[in-house]
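First the structure, in the form of structure tokens, and then the observations on it.
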Amino acid sequence: MACPAAPWLLLVMPLALLGSLVAPAFQPEQGQAGGESGQQLDQEIGAGESVLVSAYVHLEFSDKTWPPMFSRNLTLLPASASSSLKTLIGLSLTTECNVNHTGYSHCSCLSGYQWNASVCSHHLLCHPQHQSHQPCGCLVFSHPVSGYCQLLPPVPGNLRLNSHLQMPGDTLNLTLRISQEATNLTWFLRRPGKPTPILLQKGTQVSLTSSQGQVVLSISHMSQYWAGEYMSCFEAQGFRWELRQVVKVPLQQKEVARIPEKLSISCATSSGFQLSCCIPRTHLAYTAAWSPEEGSQASLLTTSGSQCLVLAIQRCPAADTTYTCVLQSQDLDPLRFPVPVTIIQDGDTTCPENFSVVAWNVTKAGHVAEAPCPMNKMGVVKRPCRPDGIWGPVQTDCTDLGILALCIKAKLQAGQGRPAEEVPQILAQLQRRVGVASSPSDLVALLSTVKSLSEVVAEDRMHLDRSALEDLLTTTDNILDMNISSLWTQAQVQKPTEGSHFLLAVETLVRSLSPEDQPFSFNSSNVLLQSQFFEPTLPQYRISFPTQPPVWAEIPSHSLAPLVHNGTNISITSLVLQKLDHLLPSNYGQGLGDSFYATDGLVLVISITAGGQAFTQAEVIMDFGDTDDFLHCVFWDHKLFGGEGGWSGEGCRADAAIASPATWCICQHLTAFSILMSRQTVPENPVLDLLSQVGLGSSILALLVCLGVYRLVWRVVVRNKVAFFRHAALLNMVICLLAADTIFLGASFLPSGYLSPLCLATTFLTHFFYLATLFWMLAQALVLAHQLLFVFHQLSKHRVLSLMVILGYLCPLVFASVTLGLYLPQGQYLREGKCWLDGKGGAFYTFVGPVLAIVGVNGLVLATAVLKLLRPSLSEGPPVEKRQALLGVIKALLILTPIFGLTWGLGLATLLEEVSTVPHYIFTALNSFQGVFILLFGCLTDKKVQEALRKRFSSNQPPNSTISLAINETYILEQSKRSEASHEERMTD
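Right under this line is the structure:
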């Protein structure tokens, strides 16, 4: 009796046969022994020929140790042919089996033998197929083994490739040539460091072509993602075969990680430091080295997915040093990765040690400190040290390894994996991983995973079961619950279209619910779904959701009739996504204007499937529970703005509800619906746009004329300090306004949504120059105020001019720069579809705030000037003097109002809700033509300018018989001094 775990053997015997024989009684059936060798006994065999006869011999041993004699082929002494009709000339082992404690037999084949395909298909492998180069080398039997391993015939084919070394971007061609009829051909890829092979199928990067006797597998756009061992598996001659080729792809610069990329260090607080150069696992052999090596020690650190060469610098260098990591592989150019190290010297401004998020060492001002991400995350954490020695915000680019692995695995459309099996698995794992997302990179990876899965489902026309759809909707609910102000805002900076793509992905996936799992409903805080399967007799469809306010939708029977006329069952799915509307780009299609609207907080998605085909044309009536008279019924059109997506009202209209104060939305197609409520009810107006462009063009020409006039008369008009201050401020104001108007007019011709460095620079410069214009207006007003209030106080020409330059250029530069640095990282700097400040965040108010403040100050100065003109004349002067004073007031208003920018105050009215179009027209007209006003009232009506021009262009001066409307600070000051003198005389009397 053998012990339960005792080994036993199966043997094959070569016999010398005489005459014709039949198969012995102990020969297994062909279905068990399988293969053509069992049929050799039925053939006519000549006398004296030696043939291989498969015989079943069961040898058991009392322990687990094989006798030494079984480690080689067994041979017997030859026998006389005359003594018997058959002669046994040798024995060879084919199979060895072990019985484990559960009673299962693990039977493996010895070299040169293999289980045939028939037996292999009915039993489990002892270990995963990828751990052995024999596709059927070991099987598990739950019953007594009645078969044995067969002798393998010659390999019926070969696998060749165009090159073992594939450069990134190349196309790999693997050619399988087969000499025998083959079936069940499959392809696999085993990546470096990954034990499980991945099934390859046709996809965006994988293609298969076949012809007589050969099959070609092509992989386009080669990268590290496609490097590894390729396996071609097929059945031929009754056996399973595997042919393999290793494909190597050189590393690219972006695939090598330097930690840190650059470093600043204080030798006083740290005597040494470490630098790492990490590469992913690859079949291509690389040697790594650091230079210089003096005072350092290099060591190799190996992890599950990468290898790092760590350089430990034990002695801090005396001066700035650049360390270089050099990666070398045979027949390839070396890769060099410099890491500059800056040594902090005494007296340098630094940021102190800090332990926010991670440990930050002392860092030199103006540098960026770097640290590796925490465990189980990939990426780098950065933190800038500002020039003033204050730490900036932590910038994390860490991605959870679990989420990243799912994101990579989800790219099934490229041709790797089994979509039908893996899509539900990935959705289940994603639902468990969404809770650990804590960075914008995590959110981007989550959204990319959902997007990739939707593309696979749409391409393969897959159906999701109830469990998979619940996992998707739970994940969607958690994603919509994420912190909008931090994760979503920063994620949209990286990828502005993520919200639109996420909506399209969810739309696609919810339509793929299997008909067998309907009806289906799902309710959560942000996601509500109802899917129903209807018979052809459906009269109409009506659905409602318990949102606040409630939402309902209805599809009339006449819209459904064309779908059910042939007896086809239909499936209707309605989905409500709350909070998603705030995550979509503020893009508005034709007729909706730009950034004047707010959505009501949700998106309603309705889809119809009939006969396995999606239909998009049907009338749908919706009530979003809003009574706003100015709402617009819209849908999200994924094709607008170059694929970025935007709200469109095409095919939709708003109608008054029947017996209800609400407004119905009626659309003639199915997609993602919402409503837009007017925040500023002035839509895009062609007349207003034309007025603005004509006014800006006129202002630009007028300002150029003004510069030409100053070029001619400058020396004549600035002969005293007051005139110099006035005209110096006016000249700089003209230059800044000319630059601002030119850039703003040019920005209007940039493509809508053009978020490029050019658009960014345009916005910054427009912001700066308009502020500079207003600050120069403020400088001119302050000089005038000083002269009015301190009549006999003389100002220093150089000191005042310096202060005016600081106020006119430095202050607006600070405002513009702080706005850029503060709001650009948050994605709130640029307006959607325009090269101007975002009107929804704080960026726009960094322009509005200074404008209103300057307008207020200038208004006080104007009021002071008017009072100085009115006080003596209107109180005690004769009627003629009264009329002259009133005329002076009118002149002051005409001149100082456009010059001091008081017309910008009208912009406040345009920011109010539910305002009419009148303030918009007044504001646009006055400010777009401001350059013309400055030319007329600030330059040409000045008496000194007129006199200088007459002297330059005419030798004879005509008599002045008209009343000039010119007034300047000199006139006001003269009136002010006269008033002071008159007041003193009256006090003396």
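Under mature numbering (1 follows the signal peptide of the UniProt record, and there is no 0), residues -25 to -1, 1 to 964 are what the sequence shown spells out, in order.
No residue lacks a Cβ here, since even glycine has one placed at the ideal position from N, Cα and C.
Closest residue to residue i among the options (Cα-Cα distance)
i, options, result
"GLN199", "ALA273, PRO235, ALA243, THR146", "THR146"
"GLN176", "VAL431, LEU418, ASP375, VAL301", "VAL431"
"VAL595", "PHE214, VAL580, CYS326, LEU559", "VAL580"
"VAL485", "LEU447, ALA334, SER519", "LEU447"
"GLN515", "SER500, ALA838, ARG233, ALA536", "ALA536"
"ALA273", "GLU922, THR522, ALA264", "ALA264"
"LEU671", "LEU379, ASN902, SER80", "ASN902"
"THR317", "SER266, PRO167, ALA340, THR257", "ALA340"
"residue 1004", "GLN643, LEU606, ILE710, VAL823", "Examination of residue 1004 is not possible in this model, given that the chain is present from -25 through 964 alone."
"THR522", "HIS533, LEU503, SER534", "LEU503"
"PRO494", "ASN501, GLN505, SER487, SER500", "GLN505"
"THR158", "PHE209, LYS169, VAL191, GLY168", "PHE209"
"PRO471", "ILE234, SER83, ARG806", "ARG806"
"ILE909", "GLY824, LEU713, ALA840, LYS772", "LEU713"
"ALA528", "SER582, HIS557, ALA243, PRO170", "SER582"
"LEU911", "ASN695, LEU678, ARG690", "LEU678"
Opening and closing residue of the beta strand (DSSP E) in which residue i lies
i, result
"LEU307", "Per DSSP, LEU307 belongs to no beta strand (DSSP E) and is neither H nor E."
"ARG393", "Per DSSP, ARG393 belongs to no beta strand (DSSP E) and is neither H nor E."
"MET597", "595 to 598"
"GLN220", "214 to 222"
"LEU589", "For the record, residue 589 in the displayed sequence is Ala; it is not Leu. Residues 588 to 590."
"ALA528", "526 to 530"
Nearest-angstrom Cα separation, counted from residue j out to residue i
i, j, result
"ALA54", "THR69", "Here ALA54 scores only 48 on pLDDT, less than 50, and its place in the model should not be relied on; the value that follows carries that caveat. ALA54 and THR69: Cα-Cα distance of roughly 24 Å."
"ASP813", "MET353", "33 Å"
"ASN148", "LEU164", "14 Å"
"GLU482", "GLY834", "56 Å"
"LEU577", "LEU555", "7 Å"
"CYS360", "PHE248", "19 Å"
"THR543", "ALA585", "7 Å"
"SER653", "PHE616", "In this prediction, SER653 scores a pLDDT of 45, lower than 50, which makes its location untrustworthy; the coordinate-derived value is nonetheless stated afterwards. If I take the Cα positions, the gap works out to 21 Å."
"LEU126", "HIS81", "19 Å"
"THR184", "GLU434", "20 Å"
"VAL409", "PRO292", "45 Å"
"ILE547", "PHE477", "21 Å"
"PHE497", "GLU625", "30 Å"
"ALA860", "LYS843", "Here the model assigns ALA860 a pLDDT of 42, short of 50, so the residue's position is not dependable and the matter cannot be decided."
"THR257", "LEU381", "21 Å"
"residue 1035", "ALA760", "With the chain covering only -25 through 964, there is no way to say anything about residue 1035."
"residue 968", "MET597", "Nothing about residue 968 can be read from this structure; the chain reaches only from -25 to 964."
"HIS76", "SER489", "44 Å"
"GLU230", "THR161", "30 Å"
"ALA754", "PHE822", "18 Å"
C-beta atoms of residue i and residue j nearer than 7 Å
i, j, result
"GLU345", "VAL337", "no"
"PHE509", "ILE454", "no"
"THR297", "PRO315", "yes"
"SER154", "PRO131", "yes"
"GLY364", "THR324", "yes"
"VAL836", "ALA756", "yes"
"THR741", "PHE719", "yes"
"GLY377", "GLY178", "no"
"LEU302", "TYR261", "yes"
"LEU405", "THR374", "no"
Endpoints, alpha helix (DSSP H) assigned at residue i
i, result
"GLU434", "415 to 435"
"ILE378", "376 to 384"
"ALA703", "696 to 722"
"VAL684", "661 to 692"
"ASP612", "Element bounds for ASP612: not the alpha helix (DSSP H) but the beta strand (DSSP E), 607 to 612."
"ASN498", "Per DSSP, ASN498 belongs to no alpha helix (DSSP H); it is in the beta strand (DSSP E), 495 to 498."
"GLU230", "Unbroken run through GLU230: none, as it is neither H nor E."
"TRP751", "732 to 764"
"ASN453", "441 to 455"
"LEU778", "772 to 780"
**OP:** Could I get the ranges of all uninterrupted beta strand (DSSP E) runs contained in the stretch 322 to 360, with 3 residues as the minimum, in chain order?
**Re:** Fully enclosed beta strand (DSSP E) runs of 3 or longer: 343 to 347, 355 to 359.
Original post:
In chain order, which continuous runs of the alpha helix (DSSP H) of length 4 or greater are located wholly inside the stretch 782 to 820?
Top reply: Within the stretch 782 to 820, the complete alpha helix (DSSP H) runs of at least 4 residues are 786 to 798.
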